[in-house]
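Visitor:
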């Protein structure tokens, strides 16, 4: 009776360890950043990068994005960024970029939400 109980406990412990290892591997694979867009401003002074953080949640979840604007060719480098979730039926989000005179406008488009507009300013004397 005691040996049987020990075997059952060992089996349960092994299943828990295997489940934890599979979950950790899945979390690592899903945490990768995929670059969706790398675009320089018309004057070449700024660089806009849009990255997908992991993969969109399945089946009807949001796409997790990180949007960053960098000033090029200067030290220390000016940088502004933010993260946003775009609900798009579990697919990669759509986006539109428009370079303005003193900033860049990013429109994040999802099928399950209204279009979200973000404006990232360029470096000014006040920054």
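Residue numbers (my numbering): 1 to 127.
For glycine and all other residues, C-beta sits at the position ideal for the given N, C-alpha and C.
Since we're looking at a predicted model, the values are computed, not measured.
1. With residue 53 and residue 69 assumed to form a contact (beta carbons below 8 Å), what rounded beta-carbon distance in angstroms separates them?
2. Starting from residue 101, trace the beta strand (DSSP E) in both directions and tell me its first and last residue.
3. Assuming the contact rule is C-beta atoms closer than 8 Å, residue 119 and residue 105 should be a hit. Round their C-beta distance to whole Å, please.
4. Consult DSSP for residue 4 and reduce its assignment to one of helix, strand or coil.
5. Between which two residues does the beta strand (DSSP E) carrying residue 81 extend?
6. Ignore the nearest five residues each way along the sequence and tell me which others in residue 63's own chain have a CB closer than 6 Å to its CB.
7. Is it buried or exposed, residue 117, if we count other Cβ atoms within 10 angstroms and call 16 or more buried?
8. Provide the residue(s) that pair with residue 109 in DSSP beta bridges, ordered along the chain.
Guide: In terms of the structure at hand:
1. That pair is no contact at about 17 Å.
2. DSSP places residue 101 outside any beta strand (DSSP E), giving it a letter other than H or E.
3. 5 Å
4. Three-state DSSP puts residue 4 in a helix.
5. 79-87
6. 56, 86, 88, 92, 93
7. exposed
8. 94
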